[in-house]
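Protein chains in written order, with my numbering: chain A, 1 to 434; chain B, 435 to 579.
Okay, structure coming up:
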């Protein structure tokens with residue numbers, strides 16, 4: 001089985017494109033016939049599934065937005081009968097109703113396949129003991145990773161999220177060689193482990209498989225330097241399948257998209273036009289093999305680029321640049337577009353370590369105020385007031401010169417910024433919504 | 435000869451000083467001298483204690499950021515011009531004072547000034563050459579560590 005799965009990442013590109021076209025057309029036909037939402041959307045745009053003659057013709061078809069999933073809650077976009085749906089998952093959704101997704105038995109097989117390919121990319125196999133600290137439950141992370149891990153034959157420890165003390169105990173006592181969790185939770189875990197006298201370096205942990213939130217290359221370097229493990233980025237979203245849409249390989253030069261199942265496009269977020277080869281823009285996916293809930297041109301809000309050249313690892317499937325920010329995370333502060341990842345880079349540069357931080361937005365007299373709360377660590381602390389003020393100044397001056405924004409930098413005691421068990425909370429927006 | 439001072443980061447919030455001194459008290463660490471530097475949103479607490487290693491250990495266990503560094507405790511004569519005499523020596527040696535605070539030595543009631551120099555070794559050398567006495571750790575805390 002291993003060989004069979006492995007080959008799918010090394011297909012000849014012409015053959016791959018022919019398979020994509022056949023699958024894409026079948027998917028368009030399926031949703032046009034079975035999902036009233038898509039029939040209406042296609043008709044309004046004046047397109048029929050038969051208009052797809054080449055892969056590029058996909059640009060003629062309408063987008064699917066997150067809002068469409070909410071509007072058709074819970075099962076409105078399903079294209080399989082209820083009796084054929086063997087599983088549903090749902091997003092946490094910060095406001096209102098969750099986003100619901102469904103899977104047929106075949107979809108579950110596809111999912112375990114793309115997750116197995118993910119772990120093969122990262123070099124996880126039967127010799128590994130893997131602690132899966134993604135949440136098990138309605139969230140797709142836990143079960144998605146679990147099926148893939150079993151399929152590559154490693155020993156899986158289904159820890160789920162939280163209970164840091166127990167995670168540290170298991171990591172040490174069970175000889176864990178790899179962990180799956182969010183990068184911010186791993187930082188928290190590493191900090192807690194060191195404090196408990198079990199630094200990560202002293203364990204058998206070699207690899208971290210991190211996803212479910214955007215993180216930067218800078219953060220990867222810091223994690224690797226601080227803990228001695230190799231950190232891999234995986235990408236996915238529930239709407240498309242869950243984790244398993246794309247993955248880093250050992251070359252770490254972009255994430256391989258499992259494009260025989262998920263067809264990617266890069267578009268201009270403003271105009272919706274497909275961007276030129278290699279240009280940066282919003283990532284859009286069309287599922288081309290899913291049964292229960294295929295999505296056509298789903299807008300991820302994630303910013304990336306595509307690279308079709310052959311990877312150093314030999315894989316021929318397209319690579320996407322790692323997502324360091326989502327268009328949803330964008331804050332508008334005094335009219336300036338700002339992403340948390342950009343502030344993160346400034347903090348890393350100023351402090352030389354990865355600090356815990358929180359961006360707090362408030363409004364006084366019609367003006368936005370940005371406060372950057374940064375936890376002081378043993379490495380950045382000095383007995384001299386001057387040195388501490390220099391650190392504050394360095395951060396605020398970089399904010400000023402890069403973004404033209406005046407930010408108040410507050411130094412706070414360690415442990416005072418809430419640690420995340422799932423996705424990290426980086427922004428606290430206290431401005432009144434208009 | 436230099437002595438160890440412990441510096442602790444504190445947010446300017448009610449109860450933080452009580453929290454930190456409580457941790458030290460529970461661990462049996464005795465505070466011999468104390469100074470607090472504060473800005474609008476944070477403070478730096480500087481302490482001379484009887485057991486720097488133990489103090490650091492318990493504070494770190496409680497997730498309190500602290501650092502130990504060298505300071506110089508200079509004996510000052512109890513008469514006009516006593517401090518000036520010390521400062522003249524330092525000035526001619528080109529040593530800068532980062533900050534300082536006063537302290538009364540515990541056994542004899544002698545006055546001392548704790549100096550944080552930019553170059554503590556050079557300062558200590560010049561002071562002893564000028565015949566100005568500095569205290570050793572054991573003089574101030576009863577503990578040579």
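Backbone N, C-alpha and C define an ideal beta-carbon position, used for all residues, glycine too.
So, does the CB of residue i fall closer than 7 Å to a CB anywhere in chain B?
i: residue 413/A; result: yes
i: residue 410/A; result: yes
i: residue 94/A; result: Residue confidence for residue 94/A is low, a pLDDT of 49 falling below 50, so the modelled location carries little weight and cannot support an answer.
i: residue 5/A; result: no
Any C-beta of chain A sitting closer than 7 Å to the C-beta of residue i?
i: residue 499/B; result: yes
i: residue 563/B; result: no
i: residue 445/B; result: yes
i: residue 532/B; result: yes
i: residue 567/B; result: no
i: residue 441/B; result: yes
Near residue i, which residues of its chain fall below 7 Å by C-beta distance, leaving aside the five closest residues on each side in sequence?
i: residue 488/B; result: 461 and 463
i: residue 271/A; result: none
i: residue 403/A; result: 336 and 338
i: residue 310/A; result: 316
i: residue 94/A; result: In this prediction, residue 94/A has a pLDDT of 49, which is less than 50 and means its spatial position is unreliable; what the coordinates show is noted afterwards. Taken in chain order, the list of residues that qualify is empty.
i: residue 301/A; result: 282, 326, 327 and 328
Apart from the five residues on each side of it in sequence, which residues of its chain come closer than 8 Å, Cβ to Cβ, to residue i?
i: residue 16/A; result: 259, 260, 316 and 317
i: residue 48/A; result: 32 and 42
i: residue 20/A; result: 55, 259, 260, 263 and 288
i: residue 110/A; result: 241, 261, 289 and 290
i: residue 381/A; result: 388
Please check the pair residue i and residue j, which I expect to be a contact at CB under 8 Å, by giving their CB distance rounded to whole angstroms.
i: residue 408/A; j: residue 371/A; result: 5 Å
i: residue 5/A; j: residue 120/A; result: 7 Å
i: residue 430/A; j: residue 333/A; result: In fact, because the Cβ distance is near 13 Å, the residues do not count as touching under 8 Å.
i: residue 251/A; j: residue 207/A; result: Incorrect: roughly 15 Å between the Cβ atoms, too far for contact.
i: residue 235/A; j: residue 254/A; result: That pair is no contact at about 11 Å.
i: residue 64/A; j: residue 298/A; result: 5 Å
i: residue 374/A; j: residue 347/A; result: 6 Å
i: residue 215/A; j: residue 183/A; result: 4 Å
i: residue 476/B; j: residue 508/B; result: Contact flag wrong, Cβ pair sits at about 28 Å.
i: residue 101/A; j: residue 293/A; result: 6 Å
i: residue 125/A; j: residue 152/A; result: 6 Å
i: residue 493/B; j: residue 457/B; result: 6 Å
Report all residues from its chain with a CB closer than 6 Å to the CB of residue i; omit the five preceding and five following residues, and keep chain order.
i: residue 197/A; result: none
i: residue 105/A; result: 86
i: residue 223/A; result: 231
i: residue 39/A; result: 32
i: residue 438/B; result: 486 and 502
i: residue 220/A; result: 231
i: residue 227/A; result: 190 and 200
i: residue 369/A; result: 362
i: residue 62/A; result: 41 and 45
i: residue 439/A; result: A query on residue 439/A cannot be resolved here, the shown segment of chain A reaching from 1 to 434 and no further.
i: residue 504/B; result: 436 and 554
Residues of the stretch 373-398 of chain A with Cβ closer than 8 Å to any Cβ of chain B, in chain order
The stretch 373-398 of chain A vs chain B, Cβ under 8 Å: 376, 377, 378, 381, 382, 383, 384, 385, 386, 388 and 389.
| Interfacial residues, the stretch 470-488 of chain B to chain A, with Cβ spacing under 7 Å | The stretch 470-488 of chain B vs chain A, Cβ under 7 Å: 471, 473, 475, 476, 478 and 480.
Any residues in the stretch 320-336 of chain A with a beta carbon nearer than 9 Å to a beta carbon of chain B? Which ones, in chain order? Within the stretch 320-336 of chain A, no residue qualifies.
Residues within the stretch 499-521 of chain B neighbouring chain A, beta-carbon criterion of under 8 Å: For the stretch 499-521 of chain B, residues whose beta-carbon sits nearer than 8 Å to a beta-carbon of chain A comprise 499, 500, 501 and 503.
Could you give the uninterrupted runs of the alpha helix (DSSP H) lying entirely in the stretch 320-396 of chain A, keeping only those of 4 residues or more? Runs of the alpha helix (DSSP H) lying entirely within the stretch 320-396 of chain A, each at least 4 residues long, are 340-351 in chain order.
Query - Inside the stretch 36-76 of chain A only - alpha helix (DSSP H) runs reaching at least 4 residues - result: With a minimum length of 4 residues, the unbroken runs of alpha helix (DSSP H) contained wholly in the stretch 36-76 of chain A fall at 36-45 and 66-71.
Runs of 3 residues minimum, wholly inside the stretch 85-172 of chain A: which ones carry the beta strand (DSSP E) assignment? Whole beta strand (DSSP E) segments, 3+ residues: 85-90, 100-104, 129-132 and 155-157.
Which full runs of the beta strand (DSSP E) of 3+ residues lie inside the stretch 447-503 of chain B, going along the chain?
With a minimum length of 3 residues, the continuous beta strand (DSSP E) runs that stay inside the stretch 447-503 of chain B are 465-472 and 476-483.
Please list the segments of the beta strand (DSSP E) lying wholly inside the stretch 179-233 of chain A, counting only runs of 3 or more residues, in order along the chain. Runs of the beta strand (DSSP E) inside the stretch 179-233 of chain A: 207-210.
- Residues within the stretch 542-556 of chain B neighbouring chain A, beta-carbon criterion of under 9 Å: Taking 9 Å as the Cβ-Cβ cut-off against chain A, the residues of the stretch 542-556 of chain B that qualify are 550.
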